[in-house]
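Protein chains in written order, with my numbering: chain A, 1 to 131; chain B, 1 to 126.
Cβ atoms here follow ideal geometry from the backbone N, Cα and C, with glycine treated the same way.
Please read the structure below before turning to the comments.
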């Protein structure tokens, strides 16, 4: 079968990392992280449905410094994957697919997901009375 | 070398006419998840520090139970589709690729049923 001079798909080992390609792989990484997070979500539902003290123990864990660090990373991964996912949906609709627009929307995704995360935490912490 | 043309050799070995189904399901679940996630995150934040019975009462509210089950269905389906693509891209040993894709699908169904069971138990038994 004749293949001619078709362009090769990029070899990641010799491909210059770009801002946009970093966002692309981060979408996958956050996706895997969120998939693992659903295990905790199911466990949380089970402790909630149970009668023991597992729910209180889990709540105490999330209130600890280590728990909050994980929750913060989790919330950023969620908002990032959400924002970048919407960016993908725009591409699917054929909008913003040229390089300049892709770079602009990349910045929007990074900034917006960070603002959403900080906003969510500001709201949550204010409900706790700033503690 | 036979007398068959290149086209004849590949005909029928393609996408089995459903190549876009996976892609489309991922988009449908993504769109469904956008409002569901905003609602879920806002709800969880407003429940921060709440006692177990308060959270149970929230989960047991009929419309909340339904939305939570919808969230779980869309989420685990989306998760399973995305993980499949990642596994197919990075695992190059054929049997291992098939086995891990099967495993992720089994796990997704198992955890989906587990979460629905927990939600219904809270809704019906408190």
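- A Cβ-Cβ separation of about 7 Å places residue 109 of chain A in contact with residue 23 of chain A under the 8 Å criterion.
- Sequence-distant Cβ neighbours of residue 47 of chain B in its own chain, meaning closer than 8 Å and more than five residues away, are 54, 55 and 58.
- Less than 8 Å separates the beta-carbon of residue 105 of chain A from that of residue 96 of chain A.
- Here residue 2 of chain B carries a coil assignment [DSSP, helix/strand/coil].
- Contact annotation: residue 31 of chain A and residue 82 of chain B have beta-carbon atoms nearer than 8 Å.
- Residue state for residue 105 of chain A is assigned as helix, using DSSP reduced to three classes.
- Around the CB of residue 84 of chain B, 16 or more other CB atoms lie within 10 Å, so the residue is classed as buried.
- Cβ contact annotation for residue 37 of chain A (same chain, cutoff 6 Å, sequence separation greater than five): 74, in chain order.
- The DSSP-derived three-state label of residue 54 of chain B is helix.
- Annotation: residue 128 of chain A is outside any alpha helix (DSSP H) and is labelled neither H nor E by DSSP.
- The beta carbon of residue 77 of chain A sits closer than 6 Å to the beta carbons of 30, 33 and 34 from its chain, once the five residues preceding and following it are set aside; these are given in chain order.
- Nearest to residue 78 of chain B by C-alpha distance, out of B:63, B:37 and B:8, is B:37.
- Assignment of residue 35 of chain B by DSSP, reduced to helix, strand and coil, places it in the helix class.
- In the DSSP assignment, residue 85 of chain A falls within the alpha helix (DSSP H) that extends over 65-92.
- Residue-level contact check: residue 38 of chain A touches chain B, since one or more beta carbons of chain B fall below 8 Å from its beta carbon.
- The beta carbons of residue 79 of chain A and residue 113 of chain A sit closer together than 8 Å.
- Setting aside the 5 residues that flank it on each side, residue 87 of chain B is surrounded in the same chain by 100 and 101, each with a C-beta closer than 6 Å to its C-beta; the list follows chain order.
- With a beta-carbon spacing of about 20 Å, residue 103 of chain B and residue 73 of chain B fall beyond the 8 Å limit used to define contacts.
- At a C-beta separation below 8 Å, residue 121 of chain B has these neighbours in chain A: 49.
- Residue 49 of chain B and residue 58 of chain A have their alpha carbons spaced roughly 11 Å apart.
- For residue 48 of chain B, the three-state secondary structure derived from DSSP is coil.
- At a cut-off of 8 Å between beta carbons, residue 28 of chain A contacts chain B.
- Within its own chain, the residues whose Cβ lies closer than 7 Å to the Cβ of residue 76 of chain B, once the five positions on either side in sequence are excluded, are 108, 111 and 112, listed in chain order.
- Rounded to whole angstroms, the separation of the alpha carbons of residue 4 of chain B and residue 29 of chain B is 43 Å.
- Think of a sphere of 7 Å around the beta carbon of residue 33 of chain A: no beta carbon from chain B falls inside it, the nearest being about 11 Å out.
- Within the model, the alpha-carbon separation for residue 70 of chain B versus residue 41 of chain B is close to 15 Å.
- With respect to residue 102 of chain A, residue 20 of chain A sits close: the two C-beta atoms are nearer than 8 Å.
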